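*Asks:* Read in order, the letters of the sequence shown correspond to residues 34 to 336 in the working numbering.
We put the beta carbon where it would ideally sit given N, CA and C, even for glycine.
Only a predicted model underlies this, so the values are computations on that prediction, with no experimental measurement involved.
Input: one structure, supplied below.
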Amino acid sequence: MAKITASMVAELRGKTGAGMMDCKKALTETDGNIDDAVDFLRKKGLSAAAKKSNRVAAEGSIAAAGSNTVGVIVEVNAETDFVAKNAEFCGFASGVAQVVAETAPADMDALQQAAFPNTDRTVAEELTHQISTIGENINIRRFARHAVTSGVVESYVHGGGKIGVVLELTTEKPNDAVATIARQLAMHVAAAAPQYLCRDEVPADVVAKEKEIMRVKAIESGKPENIVDKIIVGQINKFFGEICLIEQAFVIDPDQKINKVLENLGKEIGAEVTLTGYTRYMLGEGIEKRVDDFAAEVASLTK
Numbered sequence: 034m035a036k037i038t039a040s041m042v043a044e045l046r047g048k049t050g051a052g053m054m055d056c057k058k059a060l061t062e063t064d065g066n067i068d069d070a071v072d073f074l075r076k077k078g079l080s081a082a083a084k085k086s087n088r089v090a091a092e093g094s095i096a097a098a099g100s101n102t103v104g105v106i107v108e109v110n111a112e113t114d115f116v117a118k119n120a121e122f123c124g125f126a127s128g129v130a131q132v133v134a135e136t137a138p139a140d141m142d143a144l145q146q147a148a149f150p151n152t153d154r155t156v157a158e159e160l161t162h163q164i165s166t167i168g169e170n171i172n173i174r175r176f177a178r179h180a181v182t183s184g185v186v187e188s189y190v191h192g193g194g195k196i197g198v199v200l201e202l203t204t205e206k207p208n209d210a211v212a213t214i215a216r217q218l219a220m221h222v223a224a225a226a227p228q229y230l231c232r233d234e235v236p237a238d239v240v241a242k243e244k245e246i247m248r249v250k251a252i253e254s255g256k257p258e259n260i261v262d263k264i265i266v267g268q269i270n271k272f273f274g275e276i277c278l279i280e281q282a283f284v285i286d287p288d289q290k291i292n293k294v295l296e297n298l299g300k301e302i303g304a305e306v307t308l309t310g311y312t313r314y315m316l317g318e319g320i321e322k323r324v325d326d327f328a329a330e331v332a333s334l335t336k
């Protein structure tokens, strides 16, 4: 039986982040072999992660990565806001974003199998390690990666990781002016929350439903039948201006719509500038959070 020294325990802790007693036990069980002890702790981590995997993780953070022609946002969830502000958790989220930026994974499975930066672990293994170390269920929920061959991609995170945006502009003459507008547009998307890029992307059934509602309202308000269609045209254009990014009033300069901002930018640099895509995440959107009934919990303890 190999002698387990303090330096061996320290080395294993440095590699795994596990507790001192867990590291000592792992080394004892593996006769002092560091690599085997790492595997031992990973297996233990898998067990710990499984116990936590059914707990709702609706807090967390949105992290961003990339530069110039590539931009990424990633949502990583945890159970509590306290952990979401933890340096280890934030470092993990940033690392995942870096992996997405550098490897362009096709899907979540590919991301999980990619190497995690500055470790000998995959993303999946690092996730398990973080769950074991932090003690909460952690989940890589989703990611978005935008890239252009000629243009600018901007990633923006707002509110300490509560909202994330990645947006792309394509142009043959990318420069600082284009980068500045890309940044401002990403901030606009964070604030204005457009549902679609342009009116061509709005589903026909959504438009039809809105028009029908507008028609009923106009008729019930006593508007003459012969002007109802004209009223609907004006109202549907206003509707598009609210939900379509290209037609929204620019948050930074409300007198201009986004399409006009891009048109003016194109004239300034001498080349067309097109907003070709964006993704906006809000932390925890769509996740059903658990609501504890404290009275019921107390009552159950008295039975």
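So, is residue 204 buried or exposed, given that buried needs 16 or more other C-beta atoms within 10 angstroms?
*Replies:* buried
*Asks:* In angstroms, rounded to a whole number, what distance separates the CA positions of residue 246 and residue 98?
*Replies:* 42 Å
*Asks:* With DSSP as the reference, label residue 127 as helix, strand or coil.
*Replies:* helix
*Asks:* Measuring CA to CA, which of 52, 110, 197 and 56 is closest to residue 160?
*Replies:* 110
*Asks:* Mind checking which residues open and close the beta strand (DSSP E) that includes residue 309?
*Replies:* 307-315
*Asks:* Using CA atoms only, rank isn't needed, just tell me which of 314, 45 and 301 is closest to residue 211.
*Replies:* 301
*Asks:* If the criterion is Cβ atoms closer than 8 Å, does the pair residue 337 and residue 96 meet it?
*Replies:* The shown model of the chain, from 34 to 336, leaves out residue 337, and the question about it has no answer.
*Asks:* If you run the structure through DSSP and keep just helix, strand and coil, what is residue 53?
*Replies:* DSSP places residue 53 in helix when its eight states are reduced to three.
*Asks:* Between the beta-carbon of residue 216 and the beta-carbon of residue 189, is there less than 8 Å?
*Replies:* A contact, by the Cβ cut-off of 8 Å.
*Asks:* What are the uninterrupted segments assigned as beta strand (DSSP E) that are 3 or more residues long and contained completely in the stretch 137-191, given in chain order?
*Replies:* Fully enclosed beta strand (DSSP E) runs of 3 or longer: 172-180 and 184-191.
*Asks:* Does the beta-carbon of residue 207 have 16 or more other beta-carbons within 10 angstroms, so that it is buried, or is it exposed?
*Replies:* buried
*Asks:* If residue 65 and residue 39 are in contact, beta carbons under 8 Å, what's the gap, nearest whole angstrom?
*Replies:* Not quite, the Cβ-Cβ distance comes to about 13 Å (not below 8 Å), so this is no contact.
*Asks:* Roughly how many whole angstroms lie between the Cα atoms of residue 56 and residue 169?
*Replies:* In a straight line, the C-alpha of residue 56 is about 20 Å away from that of residue 169.
*Asks:* For residue 213, count neighbouring Cβ atoms within 10 angstroms of its own Cβ and tell me buried if that reaches 16, exposed if not.
*Replies:* Burial call: exposed.
*Asks:* Which term fits residue 266, buried or exposed, when burial requires 16 or more other beta carbons within 10 angstroms of its beta carbon?
*Replies:* With a 10 Å radius around the Cβ and a threshold of 16 neighbouring Cβ atoms, residue 266 comes out exposed.
*Asks:* For residue 122, which option in 220, 92 and 60 has the closest C-alpha, if you only look at C-alpha atoms?
*Replies:* 92
*Asks:* Quick one: what does DSSP say residue 120 is sitting in, helix, strand or coil?
*Replies:* Correct three-state label for residue 120: helix.
*Asks:* Does the Cβ of residue 86 have 16 or more other Cβ atoms within 10 Å, making it buried, or fewer, making it exposed?
*Replies:* Here the model assigns residue 86 a pLDDT of 46, short of 50, so the residue's position is not dependable, and the following value carries that caveat. Residue 86 is exposed by the Cβ-count criterion.
*Asks:* Let me confirm a value: residue 335 is counted as buried when at least 16 other C-beta atoms fall within 10 Å, else exposed. Which label applies?
*Replies:* For residue 335, the pLDDT reaches just 42, beneath the cut-off of 50, and the residue's location in the model is therefore unreliable, although a value from the coordinates is still provided. Residue 335 comes out exposed.
*Asks:* Report the residue ranges of all beta strand (DSSP E) runs contained in full by the stretch 194-219; include only those spanning at least 3 residues, in chain order.
*Replies:* 196-203
*Asks:* Per DSSP, what are the beta-bridge partners of residue 92 in this structure?
*Replies:* 111
*Asks:* Return the bridge partner residues of residue 277 from the DSSP annotation.
*Replies:* 229
*Asks:* Flag this pair as touching only if the stretch 268-277 and the stretch 223-230 have three or more C-beta atom pairs under 8 Å; answer yes or no.
*Replies:* yes
*Asks:* Quick one: what does DSSP say residue 35 is sitting in, helix, strand or coil?
*Replies:* coil
*Asks:* With distances taken between CB atoms, is the gap from residue 251 to residue 264 smaller than 8 Å?
*Replies:* yes
*Asks:* Determine the burial state of residue 115: buried for a count of at least 16 other Cβ atoms within 10 Å of its Cβ, exposed for fewer.
*Replies:* Counting other Cβ atoms within 10 Å of its Cβ, residue 115 stays below 16 and is therefore classed as exposed.
*Asks:* Write down the C-beta distance between residue 354 and residue 108 rounded to the nearest angstrom, noting that I regard them as a contact closer than 8 Å.
*Replies:* Outside the shown range of the chain, which is 34 to 336, sits residue 354, and nothing can be said about it.
*Asks:* For the alpha helix (DSSP H) containing residue 238, name the first residue and the last one.
*Replies:* Unbroken alpha helix (DSSP H) run through residue 238: 237-253.
*Asks:* Which class does residue 267 belong to by DSSP, given the choice of helix, strand or coil?
*Replies:* helix
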